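If you read the sequences in order, they're chains C, U, A and L. Taking my numbering, the leading residue of the first sequence gets 1, the next gets one more, and so forth. Taking my numbering, the leading residue of the second sequence gets 1001, the next gets one more, and so forth. Taking my numbering, the leading residue of the third sequence gets 2001, the next gets one more, and so forth. Taking my numbering, the leading residue of the fourth sequence gets 3001, the next gets one more, and so forth. Working notes, structure below.
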Amino acid sequence: MTNSTNNWIECLKKETGLEAKEGTASLQYVLDVDKQEAHQTLAYLKRAGFGQLSLLTCIDWIEQGTFQLIFILMHWELGHHLIVRALLDRENPEFTTITDIYPGAAYYEREVYEFFGVHFRGSAVYQKPLFLERWDDMPPLRKDFDPQAYSDGKFPKREHPHVFKANVVEVTE
Amino acid sequence: MMTMIILFMIASILFAYVLSLKEPKWGAYATLIVSLAGLVGVSLLRGSVGETVSFYYLHFTVTTIGWYFSMILLTVYFTATFFHPFWMDQLIYPAAYNALFLLSLAGTVGLFFAQDLMTLFICWETAVWSSMLIVQQGKSRQAAWVYFVMSAIGSMATLFAILLTIFMSGTTMITDAFIYFMGSPALGGLVFGAFILSGLTKMGIFPFHVWLPLAHGSAPHTFSPVLSGGLVKMGAYIAYLSVAVFPAYQVFGDQLMLQGVPLPIYALMLLGGVSIVYGTLRAIQQDDAKRLLAYSSVANGGYILIGILMLDQMAFAGGLMHVLNHAVASAAAFLAMAAVAKRTGTTKMSELGGMIHRMPVTYVVYLIAIISMAGIPPMGGFVSKWLIFQGLSHRGLIFLATAAAFGSIGSYLYVFRPLSAVFLGQLAPKYEKIKEADPLMLIGMLLLTAMSLLLGIVPNVVLRTIAQIQIELGIDPIMIKGTITATQNGSVNMLSVFTVFGFGFLLILILFLVLPKSRRVGLMDTYTSAEFIHTPELLHYGHHFYAPFERLYEKWPSVLPLYQRLSLKLKEMGEWAETFFFHAEPNRAVFWMVLLVILITVGGAR
Amino acid sequence: MTLMSFVYGFLAILGAFVFQTSLTGINRKVTARLQKRRGPKWYQQFIDIFKAFSKSSITHGWVYDFGAIMALGGIAATVIFIPVAGFQSFPGLDNIFVISYVLAVGMLGMAMSAAGSGNPWASIGVSRALTNMLAYDIPFMVIVFTLIYQHQTGSVSELAALQQGAGIWGWNAFQLPLGGLVAVIALFGMLGKKPFDSFIAPAEIASGPMVEYGGKQLGMMFTLHELMTFIEVSLILNLFFGGGETLWVYLLKYAVLYTFTNIVSGVMPRFKIDQAVTFFYKVPLGLALVQGLLVIFGGWGY
Amino acid sequence: MQVTTKNDRSLWEVIGDYFRANSIWMKWYCTGCGAIEMPPTMTSRFDMEQLGMGPMATPRQADVLLITGYLSTKTLRRVIYSYEQMQDPKYVVGFGSCTLNGGIYYDSYATINQLDQYLPVDLYIAGCMPRPEAIMNSFATLIEMIKKGEARGWKHYQENYDWYKANQMDSLGEVIIHDEFHE
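Below is the structure:
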């Protein structure tokens, strides 16, 4: 680890008080932020050299009742990947759009809205459909969505003597 | 007869002008009638070869070649006038347009019948000036300027040659005067070079081609066919005069001979070859259909120049016939584009598409025109190109033959481009409502189409006249027997070719009709790699049609920057000179004036 | 020009179709053997064409059909012009320029029909095909000019007859070896064989001009391809390999020449279209010009 | 749903079926993992060309549509579009259990479970995925079917067009999508 490598980590700590931890892979860092300060942190990180938003996605933690937004940023000079994570309320998932920082995020936001139903305030386009042509049910990647029921209702099935239901075996230590 | 035609022309110019002032549409119809009358009148002159007429200092005589060229010009002018009534409201000065149109017609016809050199020059200038003033009424004033400057270069050189000829030989009659140079090769070479220069600039031979795309592209749509099909052919006549009437082959007789061609003439032919290649390559690049056709005129001018300069049995006949074929084909193509422009308001190929579904007759006109222009049987252009090829391969002029072959195959590329991008492909929704061109315009275009077809099937009708010209010049005439056109390297029977082609077509038509009928589907129901596309414009392939090929030579230098730099330098020099004479301080002007007065006084005293 | 001429012409078209289609089928087997496959039946190409005719079809407007008819009609007419072993249905129409330009009628028809379908792949394919034509035709034309200059005739049958009688060394391919090489390379371009087949690249531009054809129009295009192959191979055979004294010699030579191009193209990759142009203008055009200059100024071949 | 069983072909149809049986060109739409079984079937090991079969670039030229694996609803729209662009007579072959009953994607919200609800399938090949031997075997069967005039799925589709359309609409809403990416 050279000085320049830790530069943005130290500066980040100095300026915002947030600490980036090392991730599981090399050159990978993880940063947990509050929903409120995510926006300004991302703006700061972009100025610090993270010019590329590689991915914006979401995880549904149904037991905790939260959604976790994941931003994967990349630093082109250092080759660092930074995973910025922010938790949202599952009942009322709302976030401010980051298209003013990373314009390309518009499509990721549409995707996250389509599959998880997270609202991005300030974006005019996030509700436009992207992948799921003519989707007519709840966002399908939420954990409380039942694909079997949806499939049974929507797609006719062949009458078949065999049962294709997977037999789930609980593995205990 | 001749007198009547000349008087009629002059009277009709005034008549058309006055009539157009009152009602432009009537003036437009007047141009139609006048050019038709001119066409009929001149065609009657065929029998009176040798007749001469004099008006004060102007002397005219009827010659076979003059008759041939005038007929071509009058045909092109006549068919273009069918479009005039529909364009009068788009012109700023319709009365001037009609009058100048007829004036340029009178000038060109006068040029072809001119007996002496001064008449030739006056008629030449009349045609150039009147056409320049018409070009100015088009899209760009700069184009008219470039046209004028280029013509002026040629005119000045020709005037020099004419004055020198008159001074040396003591006579102004073209045939007598030029014979004088048989004895003086050095002076003859100078006169030849200066005289043919105006022909080269007019035909747009490389490197004088710059005005052609500018003027053709921005002239009024109704005048572009006349420029390309008609006025450019004046250059061919000058080339004819300077090689056939002027004893060029004798004058250069002691020069280095290349396969029987003297080096200076060979060099000019090479310029023609360069024009073919250059015009072809640039035409392939264009996006504006009219500019594309203008560059094709550059390439075809190369064929005509090479053919005429050969002055032999085959290529010379081919060159003269190509004047007619290209005039007809090019006029038809320009008129078709004018019809499209009338309906859609643009000639940019990338903005058009699918016109065939709205203007099928215009499409057929354009199709026949380009088949002729590309030299594909059974249209007229094939015969003349074939004769030029025969002549070139007979003499073994391999580099010129290579250029000719390149221009011939390359013309498939550039003529297909408007066919595909304007007429075929997807029809944009904004053109959903347009209609076929007006019947009067269609008549004009279909006349040219019929001519192209006839020239291809029975070329000997024209070749008979050309054979007579060749006999008058004392070279072996092209051999024609019935429908067979023969050369030393083989013959062709175009009627048989047409019949066999029709036979093949008929066979396949029967096969096609016997098989089950096809289901009609929409244009948008097409293979899109299984993706749904609802925008016709996105499915239309019109931009950079030959992109991979264009990329090979897009970085090549152009002569245009050279001319621009030259004109800039000239302008600077003019401004510099201007400061001497017209400075803000009056004393400098007074100084020059006083100096001038002193000089005149001193000079006069002596 | 009598009625018999038309009958002979019709028979020539039919014969050319049957012969070339069988040969194509056999060559599909040859290619398969090259690739260690069993390959289709020898008459597979006939089945393919007749199958296409037996299917239903669509049309995209009158120019789509008219272009297809004009294409096949023009090509069929060109077959009539080709002298086969000295025999012609219409004597005196076998001028080399006439043949190569009548051929262009068919190509223009096909291009028109393809572009008339409104499919952009078709237009791209046509643009590539025309560029390809500009590439291979110039070296070929230069050699043709040289031949006409040397023999002072432009008639294909006369040029073929002039080579006969002196055995294999009388052929132009051996008299003018550079020219023969150029002609054979140009033949690959004419036939659209690899490496010059980028205009019908199936995976790249969905078979280019053919993209919208189905049913009878597709059958016509396949027939057209067979006839066009016959014309082009015949042209090279007549000009450079001495034609044939008898019909059987002619057909045998033809089969050998065609199979040769097929085998060579079987092991070739594909040029991009601009690479094809650059190649043709560097190597074959250079060779052709050298050959032409040697003949015209060096007196080679007299 | 109307079922046609009678087989009364005219002489021309019998001849046409002979040609069609011996020259089957496939529009090979790679929908799923089964596409990877096709290269060995085409190349020298199994050499599909000996049956007169070959791949074709566009649906206009093709005779048989191979559905090589699971079909997502998005893909199904494109497959139906391609199928309708093919020229009659045309045949459909479903590969593997995914097209039969959904296979391992039986409970996915995005893949259909039974292909013959939407398109007239002439032949199914069992397996996950079917091996080239099975594919070659099925092609031989298809050829026999066409020769006997039994592969009449395309006619069935025409006769029961409303039934198929209704099924397609139930599952897909609309076949030809209009949205910002297709305008």
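Don't be surprised by glycine CBs; every beta carbon is placed ideally from N, CA and C. Here the structure is a predicted model, which is why all the values come from computation and not from measurement.
Close partners of residue 1527 of chain U in chain L (Cβ separation under 8 Å): 3058, 3059, 3060, 3085. Among the bridge pairs identified by DSSP, residue 1257 of chain U is matched with U:1262.
Straight through space, the alpha carbons of residue 1342 of chain U and residue 1039 of chain U are spaced by roughly 27 Å. In chain order, 131, 132, 133 make up the part of chain C whose C-beta sits under 9 Å from the C-beta of residue 3074 of chain L. Residues of the segment 1194–1217 of chain U with a C-beta less than 7 Å from any C-beta of chain L: none at all.
At a cut-off of 8 Å between C-beta atoms, residue 2038 of chain A counts as an interface residue with respect to chain L. Going by DSSP, residue 150 of chain C is part of the alpha helix (DSSP H) stretching over 147–154.
About 7 Å separates the beta carbon of residue 2228 of chain A from that of residue 2106 of chain A, a gap short enough to meet the 8 Å contact definition.
With contact defined as three or more Cβ pairs closer than 8 Å, the segment 1481–1488 of chain U and the segment 1507–1526 of chain U are not in contact. Checking the DSSP bridge columns, you'll see residue 1348 of chain U partnered with U:1288. Spanning the alpha carbons of residue 2104 of chain A and residue 2196 of chain A requires a straight line of approximately 18 Å. Taking 8 Å as the CB threshold, residue 3081 of chain L lines the interface with chain U. If you look at residue 2275 of chain A, you'll find it in the alpha helix (DSSP H) that goes 2273–2296.
Taking a contact to require three or more Cβ pairs closer than 8 Å, the segment 66–84 of chain C and the segment 21–37 of chain C qualify as touching. In summary, the residues of the segment 1462–1485 of chain U whose CB is separated from some CB of chain A by less than 9 Å are 1484, in the order they occur in the chain. For residue 2172 of chain A, the enclosing alpha helix (DSSP H) covers residues 2172–2175.
Residue pairing by DSSP puts residue 3093 of chain L in a beta bridge opposite L:3066, L:3123. About 6 Å separates the beta carbon of residue 1067 of chain U from that of residue 1045 of chain U, a gap short enough to meet the 8 Å contact definition.
Annotated three-state conformation of residue 95 of chain C is strand, per DSSP. Sequence-distant partners of residue 2038 of chain A (beyond 5 residues in either direction) whose C-beta falls short of 7 Å from its own C-beta, in its chain, are 2032. Proximity of chain U to residue 3177 of chain L at the Cβ level (cut-off 9 Å) is accounted for by 1532, in chain order. Using a Cβ distance threshold of 8 Å, residue 1409 of chain U and residue 2231 of chain A do not count as a contacting pair. DSSP, reduced to helix, strand and coil, places residue 2068 of chain A within a helical segment of the structure shown. DSSP places residue 21 of chain C within a strand segment (E or B) once states are collapsed to three.
Chain-order list of chain U residues neighbouring residue 2216 of chain A: 1512, 1515, 1516, 1518, by C-beta distance under 8 Å. DSSP lists no bridge partner for residue 2183 of chain A.
Put simply, the CB of residue 3078 of chain L is near chain U, with a gap under 8 Å to one of its CB atoms.
Residue 1115 of chain U counts as buried, since at least 16 other C-beta atoms from the protein chains shown sit within 10 angstroms of its C-beta. Excluding residues up to 5 positions away in sequence, 1009, 1012, 1013, 1016, 1031, 1034, 1035 lie with their Cβ nearer than 8 Å to the Cβ of residue 1102 of chain U in the same chain. For residue 26 of chain C, there are no C-beta contacts with chain L under 7 Å, since the nearest C-beta of that chain is about 33 Å from it.
About 6 Å separates the beta carbons of residue 3046 of chain L and residue 3040 of chain L, which is inside the 8 Å limit, making them a contact pair. Residue contact check for residue 1357 of chain U against chain A: a CB pair falls below 8 Å. When rounded, the separation of the alpha-carbon atoms in residue 1560 of chain U and residue 1208 of chain U is 10 Å.
Cβ neighbours of residue 1253 of chain U within its own chain (closer than 8 Å, five residues either side excluded): 1185, 1262. In the structure shown, residue 3083 of chain L adopts helical secondary structure according to DSSP, grouped into three states. Distance check between residue 131 of chain C and each of C:116, C:122, C:16 places C:116 closest, using alpha-carbon atoms only.
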